[in-house]
Structure formats: structure tokens, C-alpha cells
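**Q**
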Amino acid sequence: MRESDELISVGKIIGTHGIRGHLKVYSFSGNLESLQASHTVTLKYPDGASLHEHAISAVRPHGPGFIIKLQGFEDINQAETLIGSEICLRRNQLPEPDDDEYYWCDLLGLRVITTDGTELGRLEDIFETGCNDVYI
Numbered sequence: 052m053r054e055s056d057e058l059i060s061v062g063k064i065i066g067t068h069g070i071r072g073h074l075k076v077y078s079f080s081g082n083l084e085s086l087q088a089s090h091t092v093t094l095k096y097p098d099g100a101s102l103h104e105h106a107i108s109a110v111r112p113h114g115p116g117f118i119i120k121l122q123g124f125e126d127i128n129q130a131e132t133l134i135g136s137e138i139c140l141r142r143n144q145l146p147e148p149d150d151d152e153y154y155w156c157d158l159l160g161l162r163v164i165t166t167d168g169t170e171l172g173r174l175e176d177i178f179e180t181g182c183n184d185v186y187i
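Quick look at the structure:
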């Protein structure tokens, strides 16, 4: 897989919104602009093995996440089948980070070393707590 084709998880579908197929998404990135500029997303279904690309009809902010509407999902019954899926964008659909910014996926696996040179291990996971990120 070329780096530009690499999939980056940007959110997770946590529920439906209304009866017309809209989906509530918990955002991992807080970057709504990337989704608004994209025409498609790739969903990683809850089984972890299935990937499917879907065209975006609409996306808008909603609380700490957003609401997304995908083409072909016109009612709540269809939309419910997507709950638990991760929303992914290809690396080339994301803006380049600034010089002092990084995507979480680029940090995972890096060695963690104190300022005095003591190696603590490798960064395995990151999760958001609201006021700061926790690195494991």
C-alpha cells in the first residue's frame, strides 16, 4: 500500500441521528474540515476485516463530534447496520500537519526517551480524556 493510500481512522460511528439515515460520529481528530473536503470515506466495519468506501452526502458539526450522511443509507434501519464502524480517510485526503504538529498514527511505535536519555519503551496507544491526551 502506498503511503498516500494509507487509511487513517478519524472517527467512530456511535449511533443514528433521526430517521433518515444520518449517523452520529465520535471524532478522533476534531478535524471536520477534512471530512467536508472529502467526497468519500472508507468504513472499517466492526468485524475489523471489512472495508467499504462510501460517498458522503453531507457532514456537519454536532457537539464534540459530527453528523454524517452517506449515499445509499436513506433510513434508520440501514444506518443502524453501520454503528460501531470506524470512519477512515486516506492519508492524501488529510491536510499536511504544520511543522510542530503530528497525526497520532505517526507517533505510535516511536521510542519514548527521557531528557536524560533513559529509554522508557515505545508509544503503544493514545486516548483523549477531554483536557489532555494520555500516552501509553
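Reading the sequence shown from the start, the letters are residues 52 to 187 in my numbering.
Where a beta carbon is used, it is the ideal one built from N, C-alpha and C, also for glycine.
1. What ranges does the alpha helix (DSSP H) occupy inside the segment 61 to 118, keeping only unbroken runs of at least 4 residues that lie completely in it?
2. Counting only the same chain and skipping the five closest in sequence on each side, list residues whose C-beta sits under 7 Å from that of Tyr77.
3. For a test of the three-state rule: what should DSSP assign to Leu161, helix, strand or coil?
4. Figure out for me which residue from Val110, Glu137, Gly114, Leu94 has the closest Cα to the Cα of Glu84.
5. Could you check where the beta strand (DSSP E) with Ile177 kicks off and where it finishes?
6. Measure the C-alpha to C-alpha separation of Ile119 and Thr91 and round it to an integer number of angstroms.
7. Within 10 angstroms of the Cβ of Glu137, are there 16 or more other Cβ atoms? Answer buried if so, exposed if not.
8. Look at the alpha carbon of Asp167 and the alpha carbon of Ser89, and state the distance between them as a whole number of angstroms.
**A** From the atom records:
1. Complete alpha helix (DSSP H) runs here, min 4: 83 to 88.
2. Answer for Tyr77: Gly62, Lys63, Ile65, Gly116, listed in chain order.
3. The answer is coil: DSSP assigns Leu161 none of H, G, I, E or B.
4. That would be Val110, whose Cα lies nearest to the Cα of Glu84.
5. Here the beta strand (DSSP E) through Ile177 covers 177 to 179.
6. A straight line joining the alpha-carbon of Ile119 with that of Thr91 spans about 11 Å.
7. Under this definition Glu137 is a buried residue.
8. Across the structure, Asp167 and Ser89 are spaced so that their CA atoms are roughly 44 Å apart.
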